[in-house]
Amino acid sequence: MEYEIHEDIVIVGAGIAGLSTALGLHRLGIRSLVLESSDVLRIVGFALTMWTNAWRAADALGIGDSLRATSFRLQGIKLCYRNPSLRSQQQAHSVDHKFDKSESRCVRRKDLLETLERELPQGTIRYSSRIVSIEESGRLKLLHLADGTVVRTKVLIGCDGANSMVAKWLGLQSPVNAGRSAIRGFVDYMDGHGFEPKWHTYISGDVRYGFMPCDHKSIYWFCSFAQSLFKSGDALHPMTPDIGQGGCSSLEDSIILARCLGEALLAKRTCNDKGKDKDYVMIEKGLEKYSRERRWRSFSLISTTYVVGRIRESDSKVISFLKKNLSRYLDGIYERMAAFDCGKLIVS
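Okay, here's the thing in structure tokens:
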């Protein structure tokens, strides 16, 4: 038996982007429905680096202080480069870059997702809701779920990861394989680890590995390498993780999208024209504004992280020279990318 649900706004995917967007809308008094294919909150990954731009977004959502209470503030980044073609350890060099202006912390992904879920009204997330097809019916979007339910919505927001059903329906290209893979993990030291609160990274040829403390007992570690070493794609990150901005940009998106939609929907409530066409015109304007605000920021993040990754993992003589002499400039990229301010959740 077919069952229908009608919602003004439907968000597909209960990850960082989906839940933070739903929370941003909720803070503005706007209801949304989040569809998640899993039967429980899915914790994919171990941790993420939250930079200044992400903390601004978290503060706008009202969750910044609770997340800070469970994490160390990182004081800087320590990088060590070594050319694997040279045997002498003297050919290695290191750089210690201090974070003077940026707030950077390693946050457990589980803590972030559970905090977002906890702040949402009960019933916002509909679990076990796998989408099998999407179609248009006039101005509405119809989502057909595996259990036979049909969800009708005015606004459909895709936050369902790299292999997005919504992106495929829109005809967007699949993510391009960056040619690198990564292994990540988490270590808990029951008696404390004793490491200084810094991002430690070691680079040798096309292999990069490192770690950073989340708190006084937990360490997040990673190892990335060229695909020729291990043929397995990192399907979870359309943006490569080389400058730690994937999750941060999702939080940025949530604030700006919620604000743009909020301006459109709240203006609609106070408008004397109650026609349906007016509703859709206002929503369309809000989404166009969001697109304008995010287009170049997204391009900057994606291109920068790709170039930095290539430079970090190349062992050519030219690149090795540049890394040794421009390493402080490269390290400063982290802070420059983190300086972005998404603004507040205030509707003008």
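Using the UniProt record's numbering, read the sequence shown as starting at 1 and increasing by one per residue. Even for Gly, the Cβ is constructed at its ideal location relative to N, Cα and C.
Helix, strand or coil at residue i [DSSP, three-state]
{"i": "His-26", "result": "helix"}
{"i": "Asp-8", "result": "strand"}
{"i": "Ser-232", "result": "Low confidence applies here, because Ser-232 scores a pLDDT of 27, under 50, leaving its location unreliable; read the following figure in that light. Residue state, collapsed to three classes: coil."}
{"i": "Thr-153", "result": "strand"}
{"i": "Lys-344", "result": "coil"}
{"i": "Met-337", "result": "helix"}
{"i": "Met-190", "result": "coil"}
{"i": "Lys-168", "result": "helix"}
{"i": "Gly-309", "result": "helix"}
{"i": "Gly-210", "result": "strand"}
{"i": "Gly-62", "result": "coil"}
{"i": "Gly-185", "result": "strand"}
{"i": "Gly-148", "result": "coil"}
{"i": "Gly-332", "result": "helix"}
{"i": "Lys-198", "result": "strand"}
{"i": "Gly-158", "result": "strand"}
{"i": "Ser-174", "result": "coil"}
{"i": "Ile-203", "result": "strand"}
Alpha-carbon spacing of residue i relative to residue j, whole angstroms
{"i": "Arg-42", "j": "Val-207", "result": "29 Å"}
{"i": "Ala-58", "j": "Gln-245", "result": "14 Å"}
{"i": "Arg-27", "j": "Asp-277", "result": "26 Å"}
{"i": "Arg-105", "j": "Leu-74", "result": "5 Å"}
{"i": "Ile-191", "j": "Asp-111", "result": "Before going on, a small fix: residue 191 reads as Asp here, not Ile. Answer to the nearest angstrom: the Cα atoms are 21 Å apart."}
{"i": "Glu-4", "j": "Val-150", "result": "5 Å"}
{"i": "Leu-261", "j": "Arg-310", "result": "37 Å"}
{"i": "Ala-17", "j": "Tyr-306", "result": "21 Å"}
{"i": "Val-107", "j": "Glu-196", "result": "16 Å"}
{"i": "Lys-285", "j": "Arg-292", "result": "11 Å"}
{"i": "Gly-161", "j": "Gly-343", "result": "25 Å"}
{"i": "Ile-134", "j": "Asp-147", "result": "14 Å"}
{"i": "Leu-301", "j": "Tyr-334", "result": "10 Å"}
{"i": "Arg-82", "j": "Thr-201", "result": "11 Å"}
{"i": "Ile-243", "j": "Ala-182", "result": "14 Å"}
{"i": "Lys-289", "j": "Met-282", "result": "11 Å"}
{"i": "residue 367", "j": "Pro-241", "result": "Beyond the ends of the chain as shown, which are 1 and 348, falls residue 367; an answer cannot be given."}
{"i": "Glu-117", "j": "Val-10", "result": "16 Å"}
{"i": "His-144", "j": "Ala-167", "result": "16 Å"}
{"i": "Leu-265", "j": "Ser-254", "result": "16 Å"}
{"i": "Asp-234", "j": "Gly-185", "result": "Here Asp-234 scores only 31 on pLDDT, less than 50, and its place in the model is too uncertain to base an answer on."}
{"i": "Thr-49", "j": "Arg-68", "result": "12 Å"}
{"i": "Asp-188", "j": "Phe-211", "result": "13 Å"}
{"i": "Ile-131", "j": "Asp-39", "result": "13 Å"}
{"i": "Lys-78", "j": "Phe-222", "result": "15 Å"}
{"i": "His-6", "j": "Thr-153", "result": "6 Å"}
{"i": "Gly-24", "j": "Ser-164", "result": "22 Å"}
{"i": "Ile-203", "j": "Tyr-209", "result": "7 Å"}
{"i": "Val-308", "j": "Phe-225", "result": "14 Å"}
{"i": "Cys-80", "j": "Gly-194", "result": "20 Å"}
{"i": "Tyr-220", "j": "Gly-76", "result": "16 Å"}
{"i": "Leu-287", "j": "Leu-140", "result": "15 Å"}
{"i": "Ser-249", "j": "Arg-31", "result": "23 Å"}
Burial state of residue i, where buried means 16 or more other Cβ atoms lie within 10 Å
{"i": "Arg-259", "result": "buried"}
{"i": "Glu-263", "result": "buried"}
{"i": "Ser-20", "result": "buried"}
{"i": "Ile-346", "result": "exposed"}
{"i": "Arg-56", "result": "buried"}
{"i": "Ala-22", "result": "buried"}
{"i": "Ala-339", "result": "exposed"}
{"i": "Ala-54", "result": "buried"}
{"i": "Ile-157", "result": "buried"}
{"i": "Glu-252", "result": "buried"}
{"i": "His-97", "result": "buried"}
{"i": "Trp-296", "result": "exposed"}
{"i": "Gly-15", "result": "buried"}
{"i": "Lys-101", "result": "exposed"}
{"i": "Phe-299", "result": "exposed"}
{"i": "Pro-213", "result": "buried"}
{"i": "Lys-217", "result": "exposed"}
{"i": "Arg-336", "result": "exposed"}
{"i": "Arg-180", "result": "buried"}
Check: residue i C-beta below 7 Å from any heavy atom of the ligand HEM
{"i": "Arg-68", "result": "Of ligands this structure carries none, so the ligand HEM is not represented either."}
Are there three or more Cβ pairs, one per stretch, closer than 8 Å when the region 37-52 is compared with the region 276-296? Fewer than three beta-carbon pairs drawn from the region 37-52 and the region 276-296 are found closer than 8 Å, and the two stretches are therefore not classed as touching.
Do three or more CB pairs link the region 30-39 to the region 121-138 at distances below 8 Å? yes
I'd like the ranges of any alpha helix (DSSP H) spanning at least 4 consecutive residues and lying wholly in the region 15-59. 16-27
Write down every uninterrupted run of the alpha helix (DSSP H) in the region 241-304 whose length is 4 residues or greater and which is fully enclosed by it, in chain order. As far as the region 241-304 is concerned, its whole alpha helix (DSSP H) runs of at least 4 residues are 246-270.
Could I get the ranges of all uninterrupted beta strand (DSSP E) runs contained in the region 67-144, with 3 residues as the minimum, in chain order? 76-82, 93-98, 105-108, 131-137
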